[in-house]
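Engineer: Got a structure for you, questions after.
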Amino acid sequence: KTRKTILTFSNSDLKKDAGFKKGKKRDDSKKIGIELSKKLIEKKILSGVFDRGSYAYNGRVKAIAEGLREGGFKI
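Counting from 274, one number per residue, gives the positions in the sequence shown under our numbering.
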């Protein structure tokens, strides 16, 4: 199988927005999730699976997932 990256997003992409002010890491992660969901929906990707395996689902990872849901992406 060939794997390819569909899109990427990071907090440096958020810094390009004029209204972005750096805050707590968890808050920034949620903003990343919201913006990532917008980009996914633009590419007509409406749902996905967030698989953490045996790792904990909390902190920044949880905030990204919450942001994705808030942005309209179905997990």
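Cβ atoms here follow ideal geometry from the backbone N, Cα and C, with glycine treated the same way.
Predicted model only: the values in this text are computed from it and were never measured.
1. Can we say the stretch 308-327 touches the stretch 276-290, given the rule of at least three CB pairs closer than 8 Å?
2. Take K303 and list the residues in its own chain whose beta-carbon comes closer than 8 Å to its own, dropping the five residues that flank it on each side.
3. Using a Cβ-Cβ cutoff of less than 6 Å, which residues in the same chain neighbour F323 once the five nearest sequence positions on both sides are dropped?
4. Provide the residue span of the alpha helix (DSSP H) that contains L313, from first to last.
5. What residue range is occupied by the uninterrupted alpha helix (DSSP H) comprising I337?
6. What does the alpha-carbon distance come out to for the pair K298 and I318?
7. Are the CB atoms of S327 and F346 nearer to each other than 8 Å?
8. Taking DSSP as the reference, what is the three-state secondary structure of S320?
Structural biologist: In this structure, then:
1. yes
2. By 1-based counting over the sequence shown, the position of residue 303 is 30. Correct list, in chain order: A336, I337, E339, G340 and E343.
3. Counted from its first residue, the sequence shown places residue 323 at position 50. The answer, listed in chain order, is A338 and I348.
4. Here residue 313 corresponds to residue number 40 of the sequence shown, with the count starting at 1. Residues K298 to E315.
5. In the sequence shown, the residue the question calls residue 337 occupies position 64. Start and end: G332 to E343.
6. To locate residue 298, count along the sequence shown from 1; it is residue 25. To locate residue 318, count along the sequence shown from 1; it is residue 45. Computed Cα separation, rounded: 26 Å.
7. As a first step, residue 327 is located in the sequence shown; it is residue number 54 there, counting from the start. As a first step, residue 346 is located in the sequence shown; it is residue number 73 there, counting from the start. It is not a contact, given that the beta carbons lie outside the stated cut-off.
8. Counted from its first residue, the sequence shown places residue 320 at position 47. The answer is strand: DSSP assigns S320 an E or B state.
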